[in-house]
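Notes follow the structure.
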Amino acid sequence: MALTSTGTLARVAVATAAGALALAGCTPTSESEPSATPDVVIGEDTGEEIESITVALPGSLSSLYVGQESGILNYYIAAVTQEGLLSIDADGALQPGLAESWEQPDPVTYVFDLRDDAVFQDGTPVTADDVVFSLEMARDETQSPGLAYYLTNVDTIEKSGDAQVTIRLLEPDAAFAANMTSAGAAFITSQAFWEEHGGDVGTSTSLLLGSGPYQVTEFVPDSHVAFERVDTWWGELPAVKSIRVDFISDESTRLLAAQSGDVDIAFNVPFAQAAQWEALDDMRVTYVNDLSYVGLYFNIGVAPFDDPAVRQAIAHAVNRDAFVSTLLDGHGEAATAIMTPESLTSVHSPEDARALLATIPQWEYDLEAAKAALAESSVPEGFTTEILTPNTGPQLGTAAQALAQDLAEVGITLNVREVPIEEWLASLDPSAGYGLNYMWYFSTLGDPAEIPTYLIGAGNPAQYDNAEVLELLSQVGAETDPAARIDLLVEAETLQAEDAINIPLWWGQSATGFANDLGVTDFSPFTFVSTWPTQLYRAGE
Amino acid sequence: MTQPLGASSLTTSPQPPALRGPSARRPRRRRPVLVALALLVLGIAFGAAAFGSLIFPDAMTQDILASQLPPGSPGHPLGTDELGRDVLQMSVAGARSALLGPVIVALGSMACGVVLGTLAGYQRGWIDFAVSRWTDLLLALPVLLAAIVVSGVFGGGYWVTVVLLIVLFSPSDIRIVRAGVLEQSARPYIEAAQMLSLSRWRVMFRHILPNVTSLVVTNAMLNVAFALVAFSSLSFLGVGVSPGIADWGRQLTDGRAIMFVNPAAVFMPALLIVVVAVAANLVGDWIGQRLSRVGEDVR
Amino acid sequence: MVAVRVLGVLGVLWVLSMVVFAMMYLAPGDLVKNLLGNRPSTPEAIAAVREQYRLDDSVVEQYLHWLGGVLTGDLGQSIRLQVPVIDAIGDRLPLTAALSALAFLIAVAVAVPLGVRSAVKAGGWLDRIGGALAVLGLSAPTFAVGLVLLYLFAYYVPIFPIYGGGDGGLDTLRHLVLPAVTLALGLGAIIVKLTRTAMLRELESDYVTFARARGLSPRVVNRLALRNAAIPIVTGASLVLTFLVGGTVLAETTFALPGLGTLLQDSVLFKDLPVVQSLTLFVAAVIAVIALLADVAYLLLDPRVRRQMGAAS
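Protein chains in written order, with numbering that gives the first Met the number 0: chain G, 0 to 540; chain X, 0 to 298; chain Y, 0 to 312.
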């Protein structure tokens with residue numbers, strides 16, 4: 000759903016890749032369970048209250064409102080204070096949120112019944128009017144540029160009872176309900192609060208009002224945001240009383256802060272530093288698949304990438320197993336498809352999901368085949384090209400350098416240029432004219448169609464226009480049976496793989512540092528997009 | 000319209016003999032041993048810059064998916080970096096990129112300074128006004144911040160940075176030369192030259208310029224040191240040298256990620272930058288003194 | 000004279016505003032993409048955002064619109080932070096000002112006495128140490144110094160907080176110690192050099208020789224020389240200021256401080272034009288004003304230049 004950050008995240012290039020004596024070609028990890036530093040055992044819940052915790056973020060947020068800035072860290076922070084109509088549990092299944100139940104009387108109609116005990120942090124009740132208003136604001140492009148896209152299929156949002164909201168879609172969309180979570184586009188706030196601040200919510204002066212268990216008390220961009228526990232939340236009172244989120248954009252500084260014991264939770268620890276975080280006496284690092292996809296794609300409107308043989312040559316030079324085992328230190332998984340295996344778990348077991356995705360044709364790492372393909376192409380003598388890598392993803396930069404070495408052997412000169420995340424974002428536009436590009440995408444919903452729709456659907460950044468694929472994707476939109484949707488998506492991915500448009504590299508994991516005296520229940524890829532502070536507890540010795 | 004200039008006070012100013020105390024009391028500032036050492040350091044550094052690629056032709060094309068090793072590992076006396084590249088080889092190979100840019104920056108800004116500074120200081124009038132406003136404008140731009148913007152506009156990269164730093168460093172040269180020229184042109188010997196109706200250009204370049212040479216050369220050496228540091232700072236801010244190029248600033252920035260695994264990956268390039276910058280500073284000061292003395296003897 | 004200079008400064012600021020505007024306009028990156036994020040977007044959404052921020056106007060129209068706002072006292076709204084520009088800058092100004100002031104204070108408190116002693120006892124051990132420190136201060140990248148301090152104070156002497164801006168008052172002061180020391184090293188190096196050179200020059204001049212010959216105590220003589228040496232030291236202020244402004248970005252990034260340096264950097268990257276414009280002009284104006292004051296002081300203090308000015312005009 001979102002990129003690491005459109006704002007100010009860790010603009011500093013902290014170098015790269017963890018080492019370890021990994022042999023090329025060794026099997027990457029494939030478990031979807033979170034894995035922690037092996038030798039750390041976390042004690043039982045002591046039931047104690049926790050006075051305060053400090054969370055260290057690898058960069059600043061410029062707005063607390065996800066509609067205004069929608070990086071993955073914005074989602075994590077908004078989830079502390081705001082709720083959606085629904086929520087996502089550890090398995091990725093939808094659960095009640097502000098709506099205690101919901102039903103779908105027909106394929107385009109969703110009816111949500113609100114719970115009657117939900118209250119905003121200022122004490123006013125959450126009404127159906129507030130919900131309608133919040134969603135209307137979310138679909139407005141200028142109020143919520145970061146969210147509007149997910150509600151383009153919405154026809155009407157109406158209050159259909161004292162505590163009931165009905166949403167009608169233009170076309171059926173099997174994945175729509177997930178958008179009504181705080182992992183999607185539903186961030187319910189009070190209409191009175193929004194209007195009091197003229198729509199400028201999430202700023203340092205207006206802060207943010209939600210119905211979650213914590214209230215924002217202070218927000219200083221580039222410095223910190225502070226939360227206090229409230230007793231207005233409908234759920235069980237969480238153990239942590241106050242949360243302070245510090246923005247520390249320099250990774251070395253963040254590591255040293257953790258070293259001096261100032262940090263309880265550190266989001267998105269870079270893999271290059273993971274070993275050093277693991278070595279800290281009172282911290283552990285937990286890895287979990289984060290539903291992110293990293294891959295290459297060719298802009299086929301740019302020569303010579305319009306030539307399939309050129310694309311195949313590059314595809315054959317991609318050593319994704321080595322990227323995962325060495326650059327990611329095994330914390331990731333070589334990707335066989337654009338869809339992540341986690342997005343299939345509503346239908347398939349993790350093993351079956353991987354088996355299914357592996358049926359999509361792959362371009363094996365084979366430099367001889369790459370040379371052969373290049374010799375057949377329109378540029379048999381090779382050529383020079385450039386790839387931009389975002390500075391917030393150092394592992395992408397190192398992978399590009401590794402690729403450049405293999406390509407040099409094939410006869411293609413690849414120049415790697417690291418740029419600020421904002422410049423990289425702009426380069427994704429087909430008109431920017433870059434032929435070989437990175438795609439780096441974080442999904443928060445876990446809907447299998449989300450990433451393929453972006454990468455091979457209408458208006459995709461590769462300018463790939465395959466009528467068959469587009470037809471399959473429109474069927475996906477209409478299909479309500481999840482299993483059948485997935486089969487259609489596999490079919491579409493097969494077509495694009497044969498055309499060598501997107502070359503999947505890896506499905507990512509994120510590393511989170513936790514203090515050893517802080518436990519977390521049911522840690523999963525979806526933890527941080529739900530009200531995660533409620534899952535924290537004080538661990539005993 | 001006069002620009003006074005603090006910048007000139009940074010370095011040793013040429014002293015008219017009349018204002019100077021007994022030369023016996025003039026302290027010798029730098030130990031010759033120290034200067035010799037500094038020259039040696041610069042010599043080695045420039046040697047590495049010139050021939051480093053011959054000694055270690057494969058510094059940047061090593062098997063980069065190998066492992067990170069601490070210093071003292073077999074075959075890798077300083078260990079390897081985050082991509083498994085040998086730190087020693089990279090440090091030697093990085094000299095070229097690290098030094099070439101700063102030297103060009105220093106020479107370029109010196110050229111700008113001499114031409115514009117002399118014109119402004121001696122011709123006065125509208126040229127002086129234009130040049131002074133131009134230096135005002137540039138001095139009002141903080142170097143690093145301007146670099147971030149400009150690197151963005153031109154897509155960043157090494158040579159963009161070089162040109163940018165020439166432009167941004169030139170005001171100090173322009174001001175130094177201009178102030179020196181102003182000071183000199185108020186002296187009787189210039190008045191004498193003018194009375195002999197020597198051409199203005201001749202007066203400017205034959206008589207005034209040699210008297211500010213010491214300042215300019217000293218400043219050039221200082222600029223080498225400044226530019227070296229500025230290049231590494233830009234790498235730190237993510238707008239300098241691209242990854243995959245051997246360069247001390249880049250190494251220093253990248254090496255911080257693994258500073259506990261292999262401290263040499265970060266301390267080696269840091270040490271090289273500091274040592275070379277110190278050496279350039281020392282030699283700069285020394286040249287400044289030598290030239291100002293030589294100048295007096297000749298005069 | 001001063002009026003002409005003020006006009007000159009205003010002219011410089013005006014040209015600068017156009018240069019910065021043009022550069023931001025040409026810079027790669029796309030405000031729309033920054034707002035919409037890495038995801039598919041509908042043409043309507045793109046059109047709405049472009050409309051909202053007047054991106055379809057020509058660059059000249061955009062500039063004039065901005066200039067019109069500034070001339071009527073409206074600096075506009077930050078696109079990234081969604082607060083008025085004046086607040087965005089105002090919120091961070093105290094921290095950066097405090098950091099700069101503290102760094103300046105530390106640098107002056109250490110460097111001026113050191114520079115004076117170095118000159119008086121030129122060649123002595125203090126001179127050598129001072130000289131070594133000065134050269135080191137000029138040669139070490141600010142962020143590397145910051146990193147070393149962080150390392151030291153995180154591991155060995157955990158007495159100062161290593162990141163963040165604190166909660167105001169004394170706490171903020173405590174938080175600013177390490178970044179200020181980091182900046183002061185480079186700053187102090189410049190001031191030591193300035194002071195030493197200026198003092199040496201005065202001490203070698205005839206009036207000092209004469210004063211010594213008359214048997215005035217070294218204390219008195221030194222004070223006399225320092226008073227005259229103050230002129231070039233004071234006029235070095237503009238140089239020192241630019242150094243400080245550039246350095247604060249590095250210190251703010253290293254120590255996670257919410258100051259103007261990081262604000263400018265983030266705003267440039269996000270293409271948040273109203274903030275970039277106002278902030279660059281603000282910084283430039285501060286530097287220009289200080290330079291102007293220094294120039295005026297110089298004109299008033301140095302009779303030789305004053306006389307020459309009179310003759311020239």
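In this text, a Cβ means the ideal position worked out from N, Cα and C, and glycines have one as well.
For residue j and residue i, the rounded distance between their alpha carbons
i: Phe-550 of chain G; j: Leu-30 of chain Y; result: Since the first and last residues shown for chain G are 0 and 540, residue 550 of chain G lies out of range.
i: Trp-439 of chain G; j: Tyr-292 of chain G; result: 6 angstroms
i: Tyr-150 of chain Y; j: Ile-52 of chain G; result: 23 angstroms
i: Asp-521 of chain G; j: Ser-377 of chain G; result: 53 angstroms
i: Leu-207 of chain G; j: Ile-450 of chain G; result: 30 angstroms
i: Pro-140 of chain Y; j: Ala-133 of chain Y; result: 13 angstroms
i: Tyr-424 of chain G; j: Asn-33 of chain Y; result: Per the sequence shown, residue 424 of chain G should be read as Leu rather than Tyr. When rounded, the distance between both Cα atoms is 7 angstroms.
i: Leu-125 of chain Y; j: Ile-105 of chain Y; result: 18 angstroms
i: Ala-177 of chain Y; j: Ala-35 of chain X; result: As written in the sequence, residue 177 of chain Y is Leu, which differs from the Ala given in the question. Looking at the two C-alpha atoms, the distance is approximately 35 angstroms.
i: Ile-88 of chain Y; j: Gly-145 of chain G; result: 25 angstroms
i: Gly-258 of chain Y; j: Leu-366 of chain G; result: 50 angstroms
i: Glu-135 of chain G; j: Ile-156 of chain G; result: 7 angstroms
i: Thr-252 of chain X; j: Val-265 of chain X; result: 8 angstroms
i: Leu-236 of chain G; j: Gly-512 of chain G; result: 24 angstroms
Residue i in three-state terms, based on DSSP
i: Ala-262 of chain X; result: Reading off the sequence, residue 262 of chain X comes out as Pro, not Ala. In this structure, Pro-262 of chain X counts as coil in the three-state DSSP scheme.
i: Met-136 of chain G; result: helix
i: Asp-105 of chain G; result: strand
i: Ala-538 of chain G; result: strand
i: Ala-265 of chain G; result: strand
i: Trp-13 of chain Y; result: helix
i: Gln-508 of chain G; result: strand
i: Ala-186 of chain G; result: The sequence shown places Phe at residue 186 of chain G, not Ala. Reduced to three states, the DSSP call for Phe-186 of chain G is coil.
Cβ of residue i within 8 angstroms of any chain Y Cβ
i: Ser-51 of chain G; result: no
i: Arg-205 of chain X; result: no
i: Phe-45 of chain X; result: no
i: Arg-132 of chain X; result: yes
i: Asp-428 of chain G; result: yes
Neighbour flag for residue i against chain G, beta carbons, 8 angstroms
i: Tyr-162 of chain Y; result: yes
Minimum Cβ-Cβ distance from residue i to chain X less than 8 angstroms
i: Ser-143 of chain G; result: no
i: Ala-403 of chain G; result: yes
i: Ala-287 of chain Y; result: yes
i: Ser-251 of chain G; result: yes
i: Gly-258 of chain Y; result: no
i: Val-58 of chain Y; result: no
i: Leu-15 of chain Y; result: yes
i: Val-110 of chain G; result: no
Which residues of the region 237 to 264 of chain X have a Cβ closer than 9 angstroms to any Cβ of chain Y? Give them in chain order. Gly-248, Leu-251, Thr-252, Arg-255 and Met-258
Across the region 422 to 442 of chain G and the region 288 to 307 of chain G, are there enough close Cβ pairs to call them in contact, namely three or more that are closer than 8 angstroms? yes
Of the residues that make up the region 277 to 289 of chain X, which ones have a beta carbon closer than 7 angstroms to any beta carbon in chain Y? Val-277, Asn-280 and Leu-281
Residues from the region 199 to 222 of chain G in contact with chain Y, defined by Cβ distance under 8 angstroms: Asp-199, Gly-201, Thr-202, Ser-203, Thr-204, Val-219, Pro-220, Asp-221 and Ser-222
Output, in sequence order along the chain, the residues in the region 127 to 155 of chain Y whose CB is closer than 9 angstroms to any CB in chain X. Arg-127, Gly-130, Ala-131, Ala-133, Val-134, Leu-135, Leu-137, Ser-138, Ala-139, Pro-140, Thr-141, Phe-142, Ala-143, Leu-146, Val-147 and Tyr-150
Counting only Cβ-Cβ distances shorter than 7 angstroms, please list the residues of the region 236 to 260 of chain G near chain Y, keeping chain order. Asp-245, Phe-246, Ile-247, Ser-248, Asp-249, Ser-251, Thr-252, Leu-255, Ala-256, Gln-258 and Ser-259
Take every Cβ of the region 239 to 259 of chain G, pair it with every Cβ of the region 212 to 222 of chain G, and state whether three or more of those distances are shorter than 8 angstroms. yes
For the region 482 to 495 of chain G and the region 324 to 341 of chain G, state whether three or more C-beta atom pairs, one from each stretch, are separated by less than 8 angstroms. yes
Compile a chain-ordered list of the residues in the region 35 to 48 of chain Y whose CB is closer than 8 angstroms to at least one CB of chain C. Absent from the structure is chain C; the protein chains it does hold are G, X and Y.
Does the count of Cβ pairs from the region 401 to 418 of chain G and the region 303 to 321 of chain G closer than 8 angstroms reach three? yes
Cβ contact check for the region 53 to 73 of chain G and the region 164 to 173 of chain G: 3 or more pairs under 8 angstroms: no
How about the region 226 to 243 of chain X and the region 101 to 115 of chain Y: do they share at least three Cβ pairs that are nearer than 8 angstroms? no
What residues in the region 21 to 33 of chain Y bring their beta carbon closer than 7 angstroms to a beta carbon of chain G? Pro-27, Gly-28, Asp-29, Lys-32 and Asn-33
Taking 8 angstroms as the cut-off, does the region 93 to 101 of chain Y touch the region 168 to 177 of chain Y (at least 3 CB pairs, one atom from each stretch)? yes
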